[in-house]
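Single-structure report; data block below.
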Amino acid sequence: MTINDILQETYIALSANKARSGLTILGIVIGIASVIALVAIGQGSTAAIQSSIASLGSNLIEISPGAQRTPGSPVRQAAGSAASLSADDADAILSGVADVANVAPSISAREQVAAKGTNTNTSVMGVTPSYASVRDVAVSDGTFITDSQEASAAKVAVLGPAASANLFGYSGATTSDIVGQRIRINNLDFTVIGVSAPKGGSGFSNEDDVIYVPMLSAQRYLTGSRSVNSISVEAASQDAMTQVQADITSLLLARHGISDPARADFSVLNQNDLISAVSSVSQTLTLLLGAIAGISLLVGGIGIMNMMLTTVTERTREIGLRKAIGATRTDITTQFLAEAIALTVVGGVIGIALGWGISAIVDATGAVTTVVSLGSVGLAFGVSALIGIVFGYYPARRASRLNPIEALRYE
Amino acid sequence: MLELAGITKTYGEGDAAFEALKGVSFTVSDGEFVAIMGPSGSGKSTTMHILGCLDTPSSGSYRLNGTDVSTMSDDQLADVRREKIGFVFQSFNLLPRTTVLRNVMLPLIYTGVPPEERALRARSALLAAGLKESHFLHRSNELSGGQVQRVAIARALVNDPVLILADEPTGNLDTRTGELVLHTFQRLNEERGTTVVLITHEPYIAEHATRIITIRDGRIIADQPNRSRRTARPDDYDDQ
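Next up, the structure:
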């Protein structure tokens, strides 16, 4: 039999019962389409989460005060721990640790902020000028805090876009009008010198609802303390991050006079750790979605096997005849296997198109970002062809083993 | 040339064993028209299965054109059936919803005849079997019983077999169309020298052959030339 003969025989056989072939194909279409669409949604979410973490800054290492600061912990331990980090620590890291590109200590406090008859409760952050580069803060109007403003503890403020909208209105007002306005923080007048560009939510907090002031100003007018809440360190390269993290840990342990690393009064978080932790969660989610879709693919495969077994029974006499006129076992196996594979391949192609379409529609609604990867398309196609072979093989083998005499007598 | 020597066939084992053939020997020369006759249960179907290489004997030898086929494997038997034997069945066994031409071309698919040659050979076989050109592209389920059986004969002829084996070919037909089918066999036998072995339980049908072998209880009880051979006369009837 030539390939062309097999294709013709397959077409004739499958088109002989269009409704049944169509329904069997539908089973595969649903299976493949759901695999592609659900995996696309899962991978899209993973990519979205990763990019939002990346928007925090690149090669970022975060140092925060130790867990002793946690509310509810014994007062004895809390002494000195909340104030465990200082701007001097930040300077020491910048000068004492290799492969550190930049360091940005920061203080944050929740404050009631007022401007011209409006007010909002927002996070006020005392930051140094380096914060803009370390944490990827872009200024859309005006300027960020300068070194001289930091040194003189100037009462100036840079508004995040959400804070700016809360204070100066959502519509109409161009942000350039806002520069030069005055706001009151803790009953002190601050002059707005800039508005930052939107960064979007990072999952847990809104990076846009924030007001930046010079760190020295925050320490002097808002917290009245020399300590800082967090130190952001930008490593020189991605490869250096692990080493930088270890060096910072040992430097701070030495500076704080702590010999046991388990008792450290600070914690150092590597952005890569965060990305891999979140990624592993979303990859598990993708896998789960894929597995659920895989079950429907399996059911589709069983549908094929069911149809092929029915077909073999119905066509017993035809098989007997084919064997009588000289078809070998291989000929019969090939023919029935080709029918099963044709069902899955047709279903696979339609399913891929449908899955792609569903992903595009979901993406267009804006609810979830979807990413259809060539890998998942290839996998779905491969799996559907495999299902055709696996679930088609048993019926095909059964057909090829029929005794021609009995098959011809079959009523 | 078919040579059967001491063929036995036993089904089952032990106490349940049933000996369908108890030593059958005969020879059919090329160009003969032989009827194998016997009541049901006589062993004529088993004889046909062995002649048609659908089954192998328990003992004895069967030589088809000089080749011993009695000990061949399933796939080797399939090769022999494909190359050397054409079957005509009582129940026609055409593929439904498939054109006459395609039905006749079916054996050629397995023989590996090039596609462009298949239609030519199928057409000439159909004409030889007495079917009109206008029917070639009809579907097999659109034809009458006599036409269907002649399509089946054409399918048996298309590979130029050594032997055409017809199992009760008129069993599902009325007298008139049965006569037509027998006429086709007689004509093929005389004009082309095709060897025909016809299996039947009706003496009237068997009398169209040149030689009648009678089987009863697994043994040949008579094997003689048919001196009063009937000639099928489909012309006595209207052509469908």
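In order, the protein sequence lines correspond to chains L and H.
So the first sequence is residues 93 to 503, counted in the working numbering.
So the second sequence is residues 30 to 269, counted in the working numbering.
Where is the CB? At the ideal position from N, CA and C, for every residue including glycine.
Keep in mind that this is a model prediction, so the values were computed, not measured.
Residues of chain L whose Cβ lies closer than 7 Å to the Cβ of leucine 83 of chain H are, in chain order, Ala416, Pro496, Ile497.
Judged by beta-carbon spacing, aspartate 269 of chain L lies within the 9 Å limit of phenylalanine 260 of chain L, meaning their Cβ atoms are closer than that value.
One Cα belongs to tyrosine 502 of chain L, the other to leucine 155 of chain H, and the distance between them is close to 27 Å. Contact between the stretch 196-205 of chain H and the stretch 129-136 of chain H is absent, with fewer than three C-beta pairs closer than 8 Å. Taking C-beta separations shorter than 6 Å and ignoring five residues to either side along the sequence, the partners of valine 219 of chain L in its chain run Ser198, Tyr304, Met307, following chain order.
DSSP places leucine 50 of chain H within a strand segment (E or B) once states are collapsed to three. Close CB contacts of proline 221 of chain L within its chain, under the 7 Å cut and outside five residues either way in sequence, are with Phe236, Ile237, Thr238, Asp239, Glu242 (chain order).
Contact with chain H is found for isoleucine 104 of chain L, since one of that chain's Cβ atoms lies less than 9 Å from the residue's Cβ.
At a cut-off of 9 Å between beta-carbon atoms, glutamate 112 of chain H makes contact with chain L. In the structure shown, asparagine 298 of chain L falls within a strand segment according to DSSP collapsed to helix, strand and coil. Below the 7 Å Cβ cutoff, chain L contributes Glu410 as neighbours of leucine 124 of chain H, in chain order. A distance of 9 Å or more separates the beta carbons of asparagine 194 of chain L and glutamine 363 of chain L.
The beta carbon of aspartate 44 of chain H does not come within 9 Å of any beta carbon belonging to chain L, so the residue lies off that interface. Sequence-ordered contacts of the stretch 176-190 of chain H with chain L read Arg184, Ala185, Asn188 [C-beta pairs closer than 9 Å].
Around the CB of lysine 113 of chain H, 16 or more other CB atoms lie within 10 Å, so the residue is classed as buried. Within the DSSP bridge table, the entry for alanine 338 of chain L names no partner. Selection L:Ala472, L:Ala328, L:Thr462 evaluated against valine 437 of chain L yields L:Ala472 as nearest (Cα-Cα).
Residue-level contact check: serine 71 of chain H does not touch chain L, since none of the beta carbons of chain L fall below 9 Å from its beta carbon. For alanine 107 of chain H, at least one C-beta of chain L is nearer than 9 Å to its own C-beta.
Listed as beta-bridge partners of phenylalanine 121 of chain H by DSSP are no residues whatsoever. Asparagine 398 of chain L is outside the set of residues whose beta carbon lies under 9 Å from a beta carbon in chain H.
Taking C-alpha positions only, glycine 70 of chain H is separated from leucine 217 of chain H by approximately 30 Å. Under the three-state reduction of DSSP output, phenylalanine 62 of chain H falls in the strand class. Setting aside the 5 residues that flank it on each side, leucine 345 of chain L is surrounded in the same chain by Pro353, Ala356, each with a C-beta closer than 7 Å to its C-beta; the list follows chain order.
By the criterion of at least three beta-carbon pairs nearer than 8 Å, the stretch 181-195 of chain H is in contact with the stretch 222-229 of chain H. At the C-beta level, glutamate 410 of chain L and asparagine 122 of chain H come within 9 Å of one another.
Listed by position along chain H, the residues whose Cβ is nearer than 9 Å to that of threonine 420 of chain L are Asp103, Asp104, Ala107, Asp108, Arg111, Tyr139. When L:Ala129, L:Gln335, L:Pro496 are compared, the shortest CA-CA separation from arginine 414 of chain L is found for L:Pro496.
Glutamine 135 of chain L is positioned such that its CB atom lies closer than 9 Å to that of valine 463 of chain L. Note: phenylalanine 55 of chain H is bridge-paired with H:Leu33 in the DSSP secondary-structure output. By the CB criterion at 9 Å, threonine 85 of chain H and valine 53 of chain H fall outside the cutoff.
Closer than 9 Å to the CB of phenylalanine 214 of chain H there is not a single CB belonging to chain L. For tyrosine 313 of chain L, the number of other beta carbons within 10 angstroms of its own is at least 16, and it is reported as buried. In this structure, the beta-carbon distance from alanine 289 of chain L to valine 229 of chain L falls below 9 Å.
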